[in-house]
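Engineer: Next up is a structure, given as structure tokens.
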Amino acid sequence: MCRNFFFTIERNILSLDRPKINYLDIFNDGYRISRVEYSIEGTEYTGRGNYRFGNCIPKVVEFSNDDEYECFLKLMDFTEIRKIKLENVLNGESVSSKYTGWPT
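At position 78 of the sequence shown the residue is numbered 77 (numbering that gives the first Met the number 0), and the sequence of numbers has no breaks.
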């Protein structure tokens, strides 16, 4: 089997197994990324929640070091992301980008 073909198949299999993130809020404590809040495509939220996540169940992960954050990034699929927000918890500043076809 061709080596390039094998690696293409392997990449496709890995991407099929990863959850698709549609919202991501990244928190920086001034020194490193300390926490993310995110939602996974296709999960429904039935209770009262944060409007930022649409109808999806919000999840929170806190990181104790950069390696944990890098591992998180490798485990998730960001091809369906609709909104991303970067927040600095020290000064309250934030930057966000949203796909305009997604409801607010």
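Each residue gets a CB set at the ideal place from its N, CA and C atoms; glycine is no exception.
Computed from a predicted structure; not experimentally measured.
Between the Cα of Val35 and those of Phe4, Phe71, Leu89 and Asn3, spot the shortest distance and give me the residue it belongs to.
Structural biologist: Comparing Cα-Cα distances from Val35 to each of Phe4, Phe71, Leu89 and Asn3, the minimum goes to Phe71.
Engineer: Below 8 Å on the Cβ atoms is my guess for Arg17 versus Met75; work out the distance and round it to an integer in Å.
Structural biologist: 6 Å
Engineer: Of the residues Leu89, Asp28, Glu79 and Thr7, which one's Cα is nearest the Cα of Tyr98?
Structural biologist: Glu79
Engineer: Output needed for Glu40: all residues of its chain with C-beta closer than 8 Å, excluding positions within five of it in sequence on either side, in chain order.
Structural biologist: Pro18, Lys19, Ile20, Asn21, Cys55 and Glu79
Engineer: Beta-carbon separation of Asn3 and Leu85 under 8 Å?
Structural biologist: no
Engineer: Quick one: what's Lys82 bridged to in DSSP?
Structural biologist: Tyr22 and Lys97
Engineer: What are the partner residues of Asp76, as DSSP defines its beta bridges?
Structural biologist: DSSP, once it has assigned bridges, lists Lys19 as partnering Asp76.
Engineer: From Asn64 to Leu89, what distance separates their C-alpha atoms?
Structural biologist: 18 Å
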